[in-house]
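Notes to accompany the following structure.
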Amino acid sequence: PCSSFSWTRNGKFFNVAKDPKVSMRRRSGTLVIDFHSGGRPDDYEGEYQCFARNEYGTALSSKIHLQVSKSPLWPKEKVDVIEVDEGAPLSLQCNPPPGLPEPVIFWMSSSMEPIPQDKRVSQGHNGDLYFSNVLAQDALTDYSCNARFHFTHTIQQKNPYTLKVKTKKPHNETSLGYSPAMYRARGITETTPSFMYPYGTSSSQMVLRGVDLLLECIASGVPAPDIMWYKKGGELPVGKTKLENFNKALRISNVSEEDSGEYFCLASNKMGSIRHTISVRVKAAPYWLDEPENLILAPGEDGRLVCRANGNPKPSIQWLVNGEPIEASPPNPSREVAGDTIVFRDTQIGSSAVYQCNASNEHGYLLANAFVSVLDVAPRMLGPRNQLIKVIQNNRTRLDCPFFGSPIPTLRWFKNGQGNTLDGGNYKAHENGSLEIFMTRKEDQGIYTCVATNILGKAEAQVRLEVKDPTRIIRGPEDQVVKRGTMPRLHCRVKHDPTLRLTVTWLKDDAPLYLGNRMKKEEDGLTIFGVAEKDQGDYTCVASTELDKDSAKAYLTVMGTGTRSWDNSSLIYPIPTERPDRPRDLELTDLAERSVQLTWIPGDDNNSPITDYIVQFEEDRFQPGMWHNHSRYPGNVNSAVLSLSPYVNYQFRVIAVNDVGSSVPSLPSERYQTNGARPEINPTGVQGAGTQKNNMEITWTVSSSWMPFGMELR
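Mind the numbering: the sequence shown is residues 1 to 714 in UniProt numbering, read in order.
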């Protein structure tokens, strides 16, 4: 039956009809709040929950927290000039305003240049900028912390810091990088490491299961310390850890309970080392062990709903019926609540309801709906009554028979309407109604009947099974070595079930083979006319029907007709080369008013690959017997679509070109006459001048009587 929907906001009924900015989509319950016409989004912040009701009960959605993303301004503050001795540690605090979600922090100068970071100077996860030791070059007047708020597409900027560095030596005295020599040259005392964040020797951190854990150790010292990470009593989690921020941060992804324990970072330089221990505790919001599922019971039947969840701390389980606590619902003698389980005994018509299980702890909650339906329904078949299933012999087969009923029907299978129930041996009947045949044979053909029965009646459906012979290539292509210009044949003789339509296709080098005019596909093979070196490769015959397929592969090697280069006793014999043989067997296809497709068979390249083909044409009206170049094509094609002009009686020929020269032109193709058409170019050079006071003489330039467009001008 159709459902009705309602919403609560902060636990109270939310009257959608009274607010013109709020609407609910029909038949879905989706709530739409429209701010295009104005209004304050902040007024709609809160916790929302949807209720779906019909005559059988009420289902609840999880609670939805609606919060408005904001980009608050940085509080006004006076930032004093910071003065520090060269070599001392320093942290510049950012303290960004809170945002939803949290803003992305980055430090820049007033010229919009990022502050360079390395193991000496880096930004912490909290946004502060840490200097393990300050150098004279760090003195700037515009250290600016910026916060980028993602959803509002805004950037807020903190008032900039001015940093003055007190030095013992002028800054330009040395440029030795961060080396010990540089520190000595500048009179900076080398110091042992000390932790800037976190403070002291130990700290603790809590993280929720399934999220990423970020551990940080930032240390001061001269020179800047190196950071290394360890886990007490074991290795760092394999495949889940990543070092970031110049090894000052350790990220562990998708944390689990096994990641609890003590981690420590070791900060060291030439003056010594220190260690900080971080105790990690992994807590967990509730997660499902057994989520309650819908339950269908017949009158008088028993059943149970199970709701098991885990978490840290252990979640508490609360049951609801139709959205109300089960303790406040009308008493039901057939129902007993035992912690995470509800037991139903001797259920009766009219006790259908939607049950909710709420598993919650301090870190979150889970909510699941389960519909308990008490029905008495005679068996029904949910699939088609008469199916036809075709299978290949000796394969595993499943015959499906989806059904429904309450009480749950008993399902049995019969073959050809007689005999015992099919279950055992070569058959297996599954609880969902499917019949599995482990190895289908010809004698398994026939009509199978599935019969579903309960105390209220029975229903049946039939499946006709046809067992087909497999498709097999009984003689496939074989590896061949042939001479160029010969006519090799690749075999592909197939045996298949005669009641199935067979399709045979060929692949060359695992790509579909373009047959063209030189390749002829026959009933039991493939013939290649005038084989060329480009035809060399793998040839695969694929025979397929609607049910199966088979394939066979062979390699065709094409040898040249001339002497090939070879090396024997350090004597190298060159390959003789010459101009290519002329193309042959020209054919015109796809005849259209202004185009035609020309196809040809390449001649022998005579040991020098063909680089180009020149297509020429001749017409018999204006310049009969004179051949003109029409177009030029790469040497790896053997057909082309030619653009034509109107009112021309064409014939074509093709010339092959290699590095030695051009071939003799091919024999001409048959003629093709195009229809006439209006001129497509205007006269040029139009001029007008008077020869007398009462006249005007117009002149223009005309093309020759035969134009590229074919028409004779009149």
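The beta-carbon is built from N, C-alpha and C at its ideal position, and this holds for glycine as well.
Selected residue, minimal CA-CA separation from residue i, among the options
i: aspartate 226; options: Asn269, Leu289, Asp340, Asn254; result: Asn269
i: glycine 525; options: Pro198, Lys534, Leu507; result: Leu507
i: glutamate 478; options: Lys553, Thr453, Arg472; result: Lys553
i: glycine 87; options: Val343, Val596, Thr192, Pro75; result: Thr192
i: valine 637; options: Ser551, Asn682, Asp535; result: Asp535
i: proline 470; options: Ser544, Trp7, Ala338, Trp288; result: Ser544
i: serine 669; options: Val615, Thr162, Phe438; result: Val615
i: cysteine 50; options: Lys63, Arg275, Tyr44, Gly239; result: Lys63
i: arginine 489; options: Val558, Glu436, Gly457, Leu500; result: Val558
i: leucine 266; options: Val321, Thr241, Pro198; result: Pro198
i: isoleucine 342; options: Leu367, Pro379, Gly303, Asn361; result: Gly303
i: glutamate 45; options: Met696, Ala359, Val68; result: Val68
i: proline 286; options: Val79, Ala677, Thr527, Gly210; result: Gly210
i: proline 402; options: Gln387, Arg396, Met487, Asn394; result: Gln387
i: glutamine 480; options: Ile528, Thr277, Glu460; result: Ile528
i: arginine 53; options: Glu546, Thr201, Ser28; result: Ser28
i: glycine 364; options: Leu295, Trp288, Pro384, Ile389; result: Trp288
i: tryptophan 413; options: Arg396, Lys240, Leu435; result: Leu435
i: alanine 368; options: Asn358, Leu295, Lys12; result: Asn358
i: threonine 499; options: Thr486, Glu546, Gly530; result: Glu546
i: arginine 25; options: Lys12, Gly38, Ser6; result: Ser6
Residue span of the beta strand (DSSP E) that contains residue i, given as start and end
i: methionine 182; result: Not the beta strand (DSSP E): methionine 182 falls in the alpha helix (DSSP H), residues 180-185.
i: asparagine 454; result: 446-454
i: tryptophan 600; result: 595-601
i: threonine 162; result: Note, threonine 162: premise wrong, no beta strand (DSSP E); not H, not E.
i: methionine 108; result: 104-108
i: isoleucine 473; result: 472-475
i: valine 280; result: 272-290
i: tryptophan 506; result: 503-508
i: isoleucine 296; result: 295-297
i: arginine 653; result: 649-657
i: alanine 368; result: 364-374
i: histidine 491; result: 489-491
i: histidine 630; result: 628-634
i: threonine 8; result: 4-9
i: asparagine 386; result: 386-392
i: alanine 532; result: Taken as a continuous stretch (DSSP letters only), alanine 532 belongs to no beta strand (DSSP E), as it is neither H nor E.
Beta carbon of residue i nearer than 8 Å to that of residue j
i: lysine 18; j: cysteine 94; result: no
i: serine 110; j: serine 144; result: yes
i: valine 372; j: alanine 353; result: yes
i: threonine 453; j: threonine 410; result: yes
i: glutamine 318; j: leucine 60; result: no
i: serine 132; j: alanine 224; result: yes
i: residue 715; j: lysine 232; result: For the chain, the structure presents residues 1 to 714; residue 715 sits outside this window and is missing.
i: glutamate 244; j: valine 222; result: no
i: aspartate 652; j: leucine 591; result: It is phenylalanine, not aspartate, that sits at residue 652 in the sequence shown. Taking 8 Å as the Cβ cut-off, phenylalanine 652 and leucine 591 do not qualify as a contacting pair.
i: serine 204; j: serine 260; result: no
i: valine 391; j: valine 467; result: yes
i: tyrosine 514; j: aspartate 538; result: no
i: proline 580; j: asparagine 606; result: yes
i: leucine 208; j: lysine 283; result: yes
i: alanine 219; j: serine 256; result: no
i: leucine 66; j: tyrosine 48; result: yes
Cβ-based neighbour list, residue i, same chain, cut-off 8 Å, excluding 5 preceding and 5 following
i: serine 570; result: With a pLDDT of 33 at serine 570, under the threshold of 50, the predicted position of this residue should be treated as unreliable, though the coordinate-derived value follows. No residues qualify anywhere along the chain.
i: lysine 70; result: Gly99, Leu100, Phe149, Thr152
i: glycine 234; result: Gly261
Same chain, Cβ closer than 6 Å to residue i, five either side skipped, listed in chain order
i: lysine 168; result: Gly187
i: threonine 141; result: Thr162
i: arginine 120; result: Ser132, Ala224
i: aspartate 346; result: Gly300, Ser334
i: aspartate 423; result: Ala429
i: glycine 710; result: Any answer about glycine 710 is weak, because its pLDDT of 47 lies below 50 and its placement is not dependable; what the coordinates show is given next. Taken in chain order, the residues that qualify are Ser645, Pro646, Tyr647, Val648.
i: arginine 275; result: Phe264, Leu266
Residues near residue i in its chain [Cβ-Cβ closer than 7 Å; skip 5 each side]
i: asparagine 568; result: Interpretation of asparagine 568 is limited by its pLDDT of 36, a score under 50 that renders its predicted location unreliable; no figure is taken from the coordinates.
i: cysteine 2; result: Asn54
i: threonine 174; result: Here the model assigns threonine 174 a pLDDT of 47, short of 50, so the residue's position is not dependable, and the following value carries that caveat. Answer for threonine 174: Met182, Ala185, Arg186, listed in chain order.
i: threonine 440; result: Val391, Gln393, Asn394, Asn395, Thr397, Val467
i: asparagine 416; result: Gly446, Ile447
Taking the runs of the beta strand (DSSP E) that are 3 residues or longer, which of them lie wholly in the stretch 18-70? 22-24, 31-33, 46-54, 57-60, 64-66
Please give the ranges of any beta strand (DSSP E) in the stretch 301-340, keeping only runs that are unbroken, at least 3 residues long and fully inside the region. Scanning the stretch 301-340 for uninterrupted beta strand (DSSP E) segments of 3 residues or longer gives 303-306, 308-312, 316-321, 335-338, listed from N- to C-terminal end.
Could you tell me which whole alpha helix (DSSP H) segments of length 4 or greater appear in the stretch 164-252? 180-185
If we require 4 or more residues per run, which alpha helix (DSSP H) segments fall completely within the UniProt domain "Ig-like" (75-162)? Counting whole runs of 4 or more residues, the UniProt domain "Ig-like" (75-162) contains no alpha helix (DSSP H) stretch at all.
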